[in-house]
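Participant:
Put into structure tokens, the structure is as follows:
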């Protein structure tokens, strides 16, 4: 920064930021809108069984990587952690689909992932790898995948994610070793532990414990307020973003300008502090990143706020966690930084750039914790750096509502095992306090995006209803040997993915439920055109035509569509035997079963369809089919508006 | 130890050991046989739904605590970790039953745990607390409960165990603070981190990685061999133990004598080493526990083997992990110690004392690792203490087959985050190698004890069978309004816990499945004696007589038994309406459903009964009932001996 040319400097700073921001915004708005935001909610929804449009597509992957680089470089208050999780999941998805046919990247052995469960496992591993590499926390990655991302957990999956993150850790370590001399820019910094605060012996007394509880309670309140504000801002932004890419980019520009103003303007309010004399490091720092920034101050002085704002996020966090100089930052500087980061974090999430939530929350939390530590300085004996760490923990607990995984991630970030009991306490308090106000930020975003996420537990009001109460729509069923025209008509007219098959005389004595047939399997069957003129069973004959993998799950957007079928008038009048592709023992519930109980069955077994069968004999053998949408609160409460949702 | 009186010293040593061993053996053999062994397999089986006899009773709790103290004090190669897990589970069970009525410890609010799920959750928390306190590893405790103990996992449970271990960590820390001055004996030692090996900067190269892989492979082989030998020894011991308490105690005496001989005799084979000159600690150590033991050596010399054998287990492990003196132990001393501990560990587990497996495995693994480190000294540059740690990890991985939880427990034991990638690698390799030979040690013990443990996955051969293939025994069902005599007869003649209820005309148009009624509920109903002369519905009338808690799950051994009922001849001819206590929507499967699919339903939802219904209409509305035992490999393969169990 050249002397006195402050306006030019600002113009250069804001201009460069804006150019980078526009790059990120253009990529996101024009090429892959799904790459905007954190990506963790989408991955979470995917692992719950919601395959939203192009959320894990190759284009999303590319935009996520480069958009995230541009976004972080543009100085936005955004993190790279969420995008890294999304990136990991995208790569895993690409592998799981057998590569991308469009980009000529295919492997044959990958066809073993052509089923829902293995593909979901692979994507869970990808998400775990993302966290592992973002925080250099391999065990934290496993626990994040377990606690936040995955909806179904098996011991085999635990062991697979553990393997994945072990490989990540080994690769990461070799790269760090390789980059030790500084030839990879900022990457080599920090080693495997990013923010080492390993303190000699943190002893704490009752006063400290009270202070820590205060941190937890306030952190919980501020965290839930953060969630509330993010939700409101997202709803506002979604109105703007819906108007088109131009508006999206405009929003990015406005936020970028605001961020630049804050980062460049606010340090002017901070007083200059003389450099402490007993320092190991350089003061003031010359160069891009460091501890004591000179900014507008005279020689031998530094500006605390500039050291926080005009720095990489990692260095800012390192400064806030540091315990070497207790009075490094003025109380006013900490307060301004906290307010600015809190505000910028809220308004930045939701614009059309890949934006993680971890870093803004850690920055705000650490400055809040250090601020509180300074304010309570006379009362509590704990170090302000540790207060910063506990503040970050309380904010993370208050917004994301994780416990074990955050605890381990923070442990692996800071290498301070002796702080573990305090960290656990803070996380528990802040999560409990925040849970009494609203839901976790990722759950909120999933809900706001309208993704039909199945909760792990049944809602209380579901106990008042039975399964048949919520079966929606007219039931379309097929006979065991059905006319091709009828099938085609049903496929064209509805968007159902599963149809019950009912055996009627002459194939059975009385109408009985034969099973359930899937739309995707019907399409494969019709495409093969093995029809018969008469209504006869043809079981064994045409099974030889197909290979098991023909019925495997296709990559996203690659399956057969009903428009792809080419069936002529004559064929429409022919018959096809559905028995070979029918699942003859679908999971069923009786119509009088409590909806809550049916929801548990549906969720625990990870089903997509449940057949509802009649209680009394002598009626048609199936009453209806329950799908994911039938369990959604919007659907149920829409049908029964008189039910009180909270009891 | 007085000079030259070596025989008297041995007599005193062995005699005291034997007295303590007999105390532990008598407690176990006479008062609570269920307290013998580790207890982790039993807790694991309980959490899977197997309530073995008196496994969590108050008497077991008391014997476990005192027996474990005596057993460890008697110098056996046993740990206190497994018993602590069992102790935690017992305490949780005592709380969950509303205290013990027998010992006049009851609380009314605890009746909210009168259902399976909440009680199971409580016991999971107890097990987590046990690990947390045994290793001073709160996060490790949560992960142990998740990975090894619990069969069903919900996010609410994660958060509850985390809360439990956070409380444990806080209490533990206050007690350590309180005991800092040494007034609590050995408890205060080590602080929150028991074996602090926090090394400055462990750098490793390719040669080290190869050495570490070798550790992993050999550790896996030795670990699975350990499991194999433990299994063989257990089977032999169970024949001896079945003969009566006297034989049990005799076995304890023999093993105690053998242990004393090893601990006192083997150090004579070790040469005396002159004390290194540049030491901070005393050498040779005078007193009960310490680093350099004098034993028979001259002044200024120490005996390496004595320093390992005649020491507390904790200090021996600390010595093996220490990196201060690379050549502290001779290669021969390490080899003798390894062989002795491996052998003693195998023969000690299974005798009638509470005996954990963690400490023997860690001791054997650490000496093996340090030995390998010495042998590879010229090849690898890593410290021998770290080799010891990795050896312990490889043995733990090879016997117990956990990954994430062991990793975190070892991390919390040693506070060495930079070793994490290596630890993960070793654990993965040893687990993979060992898994190709046999199952984990706890699974083996569960199987050997004949507990009907439901695996998380269905066995491959189950795909060849359908649900109705394995339904066993004649089906006993009741009418909606049934004669008291019939019910009593069925309860007396069978040990079934669930009976289907079938509504017949005049209560339904055709026979239909009304639902499932539980033995325990039937007993409560019969005990209330609200019978009617005629076959009529009485639904609403007598529901008022009961409180919801009357039907709650009673404490173990406290429920009503069929012998407690006092029903006279006249009442036998009367009727009772079963509708109010019938579960009208039990989970059902169709008779043609693959057994594997039914097993998944059964296991995932944690059921005790599944009703098998006919595929075709017009037949009796229920074909049979599947219970846990019908899914056991012994049952299925007994019915179909021709099926190959591995395909």
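Protein chains in written order, with UniProt numbering: chain E, 1 to 647; chain U, 1 to 647.
C-beta atoms are modelled at their ideal positions from N, C-alpha and C, and glycine is treated no differently.
To which residues of the same chain is residue 8 of chain E closer than 6 Å at the C-beta, ignoring the five residues directly before and after it?
Facilitator: The answer is none, since no qualifying residue turns up.
Participant: Alpha carbon to alpha carbon, what distance is there between residue 552 of chain U and residue 55 of chain U?
Facilitator: Taking the straight line joining both Cα atoms gives about 21 Å.
Participant: How about residue 154 of chain E: is its C-beta nearer than 9 Å to some C-beta of chain U?
Facilitator: Chain U, which has a Cβ nearer than 9 Å to the Cβ of residue 154 of chain E, makes this yes.
Participant: In chain E, which residues lie less than 9 Å from residue 517 of chain U when you measure between Cβ atoms?
Facilitator: The premise fails here: residue 517 of chain U is roughly 16 Å from chain E at the closest Cβ pair, so nothing lies under 9 Å.
Participant: Quick one: is residue 335 of chain U near chain E, going by C-beta distance under 9 Å?
Facilitator: False, the Cβ-Cβ gap to chain E never drops below 9 Å.
Participant: By the criterion of Cβ-Cβ separation under 9 Å, what are the contact partners of residue 210 of chain U in chain E?
Facilitator: Within 9 Å Cβ-Cβ: nothing; residue 210 of chain U doesn't reach chain E, min ~13 Å.
Participant: Closest Cβ-Cβ distance between residue 163 of chain E and chain U: below 9 Å?
Facilitator: True, the Cβ-Cβ gap to chain U drops below 9 Å.
Participant: Under 9 Å between C-beta atoms, does residue 173 of chain U make it to chain E?
Facilitator: Closer than 9 Å to some Cβ of chain E, the Cβ of residue 173 of chain U qualifies, so yes.
Participant: Mind checking the stretch 490 to 510 of chain E against chain U and listing, in chain order, the residues whose C-beta falls within less than 8 Å of any C-beta there?
Facilitator: Cβ contacts with chain U come from 508, 509, 510.
Participant: By Cβ distance, which residues of its chain are closer than 8 Å to residue 668 of chain E, with the 5 residues on each side in sequence left out?
Facilitator: There is simply no residue 668 of chain E to check, as chain E begins at 1 and stops at 647 in what is shown.
Participant: Taking a contact to mean a Cβ-Cβ separation below 9 Å, would you say residue 258 of chain E touches residue 347 of chain E in this structure?
Facilitator: Against a cut-off of 9 Å, the Cβ pair of residue 347 of chain E and residue 258 of chain E comes out as a contact.
Participant: Residue 595 of chain U versus chain E: which residues are under 9 Å apart at the beta carbon?
Facilitator: What residue 595 of chain U touches in chain E: nothing, since even the nearest Cβ is about 11 Å away.
Participant: Please state if the CB of residue 309 of chain U and the CB of residue 340 of chain U are separated by a distance shorter than 9 Å.
Facilitator: The answer is yes: Cβ separation under 9 Å.
Participant: For a contact defined as C-beta to C-beta under 7 Å, what are the partners of residue 407 of chain U on chain E?
Facilitator: In chain order: 139.
Participant: Cα-Cα, which of U:582, U:76, U:532 is closest to residue 521 of chain U?
Facilitator: For the residues U:582, U:76, U:532, the minimum Cα distance to residue 521 of chain U belongs to U:582.
Participant: I need the straight-line Cα distance from residue 373 of chain U to residue 384 of chain U, nearest angstrom please.
Facilitator: For residue 373 of chain U and residue 384 of chain U, the distance between alpha carbons rounds to 5 Å.
Participant: Taking residue 39 of chain E and residue 96 of chain E to be in contact with their CB atoms under 8 Å, please state how far apart those CB atoms are, rounded to whole angstroms.
Facilitator: Actually they do not touch by this definition, with Cβ atoms about 17 Å apart.
Participant: What number of angstroms, rounded off, separates the C-alpha of residue 277 of chain U from the C-alpha of residue 302 of chain U?
Facilitator: Their backbone Cα atoms lie some 12 Å apart in a straight line.
Participant: Figure out for me which residue from U:468, U:242, U:240, U:472 has the closest Cα to the Cα of residue 494 of chain U.
Facilitator: That would be U:472, whose Cα lies nearest to the Cα of residue 494 of chain U.
Participant: Per the DSSP calculation, residue 624 of chain U is bridged to which residue(s)?
Facilitator: DSSP output for residue 624 of chain U lists U:612 as bridge partner(s).
Participant: To the nearest angstrom, how far is the alpha carbon of residue 69 of chain E from that of residue 387 of chain U?
Facilitator: Roughly 41 Å between the two C-alpha positions.
Participant: Going along the chain, which residues of its own chain have a beta-carbon closer than 6 Å to the beta-carbon of residue 24 of chain U, five neighbours each way excluded?
Facilitator: Counting only Cβ-Cβ distances below 6 Å, and skipping sequence neighbours, we find 67, 70, 71, 353.
Participant: In whole angstroms, what is the alpha-carbon distance linking residue 615 of chain U and residue 476 of chain U?
Facilitator: Each residue's Cα considered, the two are about 20 Å apart.
Participant: For residue 359 of chain U versus residue 77 of chain U, is the C-beta spacing smaller than 9 Å?
Facilitator: Yes.
Participant: Would the beta-carbon of residue 197 of chain E fall within 9 Å of that of residue 408 of chain E?
Facilitator: In this structure, residue 408 of chain E does not lie closer than 9 Å to residue 197 of chain E by Cβ.
Participant: Determine whether the Cβ of residue 604 of chain E lies closer than 9 Å to any Cβ atom of chain U.
Facilitator: Chain U, which has a Cβ nearer than 9 Å to the Cβ of residue 604 of chain E, makes this yes.
Participant: What is the rounded straight-line gap between the Cα of residue 639 of chain U and the Cα of residue 89 of chain U?
Facilitator: If I take the Cα positions, the gap works out to 36 Å.
Participant: Quick one: what does DSSP say residue 496 of chain U is sitting in, helix, strand or coil?
Facilitator: Coil at residue 496 of chain U, not helix or strand.
Participant: For a contact defined as C-beta to C-beta under 7 Å, what are the partners of residue 317 of chain U on chain E?
Facilitator: Those within 7 Å of residue 317 of chain U in chain E number zero; the least Cβ separation is about 18 Å.
Participant: Compare the Cα-Cα distances from residue 404 of chain E to each of U:137, U:592, U:534, U:47 and report the closest residue.
Facilitator: Looking at the Cα atoms, U:137 is the closest of the given residues.
Participant: Where does residue 2 of chain U fall in DSSP's three states?
Facilitator: Below a pLDDT of 50, predicted positions are generally treated as unreliable, and residue 2 of chain U, at 48, falls in that range; the measurement from the model is reported next regardless. It is coil, neither helix nor strand.
Participant: How big is the Cα-Cα spacing for residue 47 of chain E and residue 627 of chain E?
Facilitator: One C-alpha to the other measures close to 17 Å.
Participant: Thinking just about the alpha-carbon of each residue, which of U:33, U:448, U:318, U:183 is nearest to the one in residue 712 of chain U?
Facilitator: In the structure as shown, chain U begins at 1 and stops at 647. Residue 712 of chain U is therefore absent and cannot be evaluated.
Participant: For a contact meaning CB atoms closer than 7 Å, what does residue 40 of chain U contact in chain E?
Facilitator: What residue 40 of chain U touches in chain E: nothing, since even the nearest Cβ is about 16 Å away.
Participant: Name, in chain order, the residues that DSSP records as bridge partners for residue 700 of chain E.
Facilitator: Only positions 1 to 647 of chain E appear in the structure, and residue 700 of chain E is not among them; the question remains open.
Participant: I'd like to know if residue 80 of chain E contacts chain U, where contact means its C-beta is closer than 9 Å to some C-beta of that chain.
Facilitator: No, residue 80 of chain E does not count as interfacial toward chain U.
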